[in-house]
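Residue numbers (my numbering), protein chains in the order written: chain Y, 1 to 74; chain F, 75 to 148; chain V, 149 to 222; chain L, 223 to 296; chain E, 297 to 370; chain W, 371 to 444.
Glycine residues also receive a C-beta, built at the ideal position from the N, C-alpha and C atoms.
None of the values given here were measured: they were computed from a predicted structure.
6 protein chains.
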Amino acid sequence: MDTWLTSLQTSTPQEGYELAIKLSRMAVKYTQPSAEARDKLRPVYEDDADALIAVSQVVATNFQTIAAANDYWK
Amino acid sequence: MDTWLTSLQTSTPQEGYELAIKLSRMAVKYTQPSAEARDKLRPVYEDDADALIAVSQVVATNFQTIAAANDYWK
Amino acid sequence: MDTWLTSLQTSTPQEGYELAIKLSRMAVKYTQPSAEARDKLRPVYEDDADALIAVSQVVATNFQTIAAANDYWK
Amino acid sequence: MDTWLTSLQTSTPQEGYELAIKLSRMAVKYTQPSAEARDKLRPVYEDDADALIAVSQVVATNFQTIAAANDYWK
Amino acid sequence: MDTWLTSLQTSTPQEGYELAIKLSRMAVKYTQPSAEARDKLRPVYEDDADALIAVSQVVATNFQTIAAANDYWK
Amino acid sequence: MDTWLTSLQTSTPQEGYELAIKLSRMAVKYTQPSAEARDKLRPVYEDDADALIAVSQVVATNFQTIAAANDYWK
Numbered sequence: 001m002d003t004w005l006t007s008l009q010t011s012t013p014q015e016g017y018e019l020a021i022k023l024s025r026m027a028v029k030y031t032q033p034s035a036e037a038r039d040k041l042r043p044v045y046e047d048d049a050d051a052l053i054a055v056s057q058v059v060a061t062n063f064q065t066i067a068a069a070n071d072y073w074k
Numbered sequence: 075m076d077t078w079l080t081s082l083q084t085s086t087p088q089e090g091y092e093l094a095i096k097l098s099r100m101a102v103k104y105t106q107p108s109a110e111a112r113d114k115l116r117p118v119y120e121d122d123a124d125a126l127i128a129v130s131q132v133v134a135t136n137f138q139t140i141a142a143a144n145d146y147w148k
Numbered sequence: 149m150d151t152w153l154t155s156l157q158t159s160t161p162q163e164g165y166e167l168a169i170k171l172s173r174m175a176v177k178y179t180q181p182s183a184e185a186r187d188k189l190r191p192v193y194e195d196d197a198d199a200l201i202a203v204s205q206v207v208a209t210n211f212q213t214i215a216a217a218n219d220y221w222k
Numbered sequence: 223m224d225t226w227l228t229s230l231q232t233s234t235p236q237e238g239y240e241l242a243i244k245l246s247r248m249a250v251k252y253t254q255p256s257a258e259a260r261d262k263l264r265p266v267y268e269d270d271a272d273a274l275i276a277v278s279q280v281v282a283t284n285f286q287t288i289a290a291a292n293d294y295w296k
Numbered sequence: 297m298d299t300w301l302t303s304l305q306t307s308t309p310q311e312g313y314e315l316a317i318k319l320s321r322m323a324v325k326y327t328q329p330s331a332e333a334r335d336k337l338r339p340v341y342e343d344d345a346d347a348l349i350a351v352s353q354v355v356a357t358n359f360q361t362i363a364a365a366n367d368y369w370k
Numbered sequence: 371m372d373t374w375l376t377s378l379q380t381s382t383p384q385e386g387y388e389l390a391i392k393l394s395r396m397a398v399k400y401t402q403p404s405a406e407a408r409d410k411l412r413p414v415y416e417d418d419a420d421a422l423i424a425v426s427q428v429v430a431t432n433f434q435t436i437a438a439a440n441d442y443w444k
């Protein structure tokens, strides 16, 4: 895999939140490397309430990590 | 995405809880940017016990982050 | 929403556990504001093993937050 | 609810683990107060692999709290 | 239950990971004490992708506890 | 099981993320030791949105552990 993650530090909470989203998506990419296969799944989950809630759970866990890594941007 | 998250600091636990709810909803917005599509999902999850429980799990994880960020408003 | 959460401090672990239950239920209330709709769901989840287990997961996450907020009542 | 939780301190990790199991079960009791109804559910989840795994997830989260509360019994 | 958990300390991360697996399995044992019943479930979950992923989630939560208990074996 | 985990320390966040993925997969290996059986499951989960989201949840939890173990590579 190319270099995609060199630091957990971000300048704002919003950047931290967007890094948490990237972390969440990268786990899918490591598990399903085919972009074509991943694209086929988009219509499946983006209109599925349960899937969208499950995605937000993953983002919440990753954001918890990024927020701690940045001392909550205090 | 517009600027929506500039700080994790809130003056009360309740404001913190409401920020946790916003964080939970924003992950859905980042994943499904169409407001129309998200509105269509509302009747699906708001009367579904399992979905509501899953939403409260996401809020609990995000509230854990916000509470730590605010030193539990001690 | 009325003021319902002014502090995470409780005098005993049991009070903390009961606050964790309240936090868990409030997320459902924020997501489904209609008491009538929520009441309709009660018979659905209160006799459903999977739903009850999922509720206890939410409570466990919220209790983790409240326990840390109270330095584990040491 | 009677007094059932006065401290998170336990003398051994195993006692802590058993307290985590009690915490997990109490959330179900708070949500479904009828012992009769809870007993009816036992045959449903005790022979269901997914339900047993979900129970162990709740216990893991509660044990994480109890372990931190006891400074990991170092 | 016999004495099975006297310490969270392990000499290596791998031992810690294996303790996390034991913790995960013990919750099932406390919930379903019958070895015969548990053995019947093995073929159900060991060839079920969702169940195996759910098991790995439980192990991840327990490993998080064990790793913190051992100061990450630094 | 052979020695596969001797340290949680990694030189970069990306290495830490890849260790989190390895941790996630090892739990499946401990639960389903047969490589043949695990290979049969790949087509089941790698094209299943829910399964891929659940995998990313496990990775998020393990990454949280690894990130804390490495003081967030500050």
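My understanding is that Gln-14/Y touches Thr-135/F, with C-beta atoms under 8 Å, so please give their C-beta distance in whole angstroms. So it is not a contact: roughly 18 Å between Cβ atoms.
Quick one, which of Leu-378/W, Asp-372/W and Ala-405/W has its alpha-carbon nearest Trp-443/W's? Leu-378/W
How should Ala-35/Y be labelled, buried or exposed, when 16 other C-beta atoms within 10 angstroms of its C-beta is the threshold for buried? exposed
Contacts that Val-207/V makes with chain L (C-beta to C-beta distance below 7 Å): Ala-249
Compute the Euclidean distance between the alpha carbons of Asp-175/V and Ala-273/L, then round it to the nearest angstrom. The sequence given here places Ala at residue 175/V; Asp does not occur at that position. Between Ala-175/V and Ala-273/L, the C-alpha separation is close to 23 Å.
Interface residues of chain Y facing Tyr-119/F [CB-CB closer than 9 Å]: Ala-49, Asp-50, Leu-52 and Ile-53
Taking buried to mean at least 16 other C-beta atoms within 10 Å of its own C-beta, is Val-192/V buried or exposed? exposed
Give the secondary structure of Glu-332/E by DSSP, where H, G and I count as helix, E and B as strand, and everything else as coil. helix
Can you tell me whether Lys-262/L sits near the ligand GTP, meaning its C-beta is under 6 Å from at least one heavy atom of the ligand? What this structure holds is no ligand at all, so the ligand GTP is not there to describe.
List, in chain order, every chain E residue whose beta-carbon is nearer than 7 Å to that of Met-289/L. This sequence places Ala at residue 289/L; Met is not what is there. Neighbours of Ala-289/L on chain E, chain order: Leu-304, Thr-361 and Ala-365.
Looking at the structure shown, is Thr-3/Y part of a helix, part of a strand, or coil, going by DSSP? coil
For Thr-31/Y and Glu-416/W, believed in contact at Cβ under 8 Å, the rounded distance: 6 Å
Cβ-based burial, Ala-185/V [other Cβ within 10 Å; buried from 16]: exposed
Proximity below 7 Å, CB of Ile-423/W to CB of Ala-49/Y: no
Taking all protein chains shown into account, decide if Ser-159/V is buried (16 or more other Cβ within 10 angstroms of its Cβ) or exposed. exposed
Can you tell me where the alpha helix (DSSP H) with Gln-236/L in it begins and where it stops? 235-253
Which residues, in chain order, does the region 12-26 of chain Y contribute to contact with chain F at a C-beta distance below 7 Å? Thr-12, Pro-13, Gln-14, Tyr-17 and Ile-21
For Gln-157/V, name the three-state secondary structure that DSSP assigns. coil
Nearest to Arg-116/F by CA position, among Lys-188/V, Arg-190/V, Pro-181/V and Asp-187/V, is which residue? Pro-181/V
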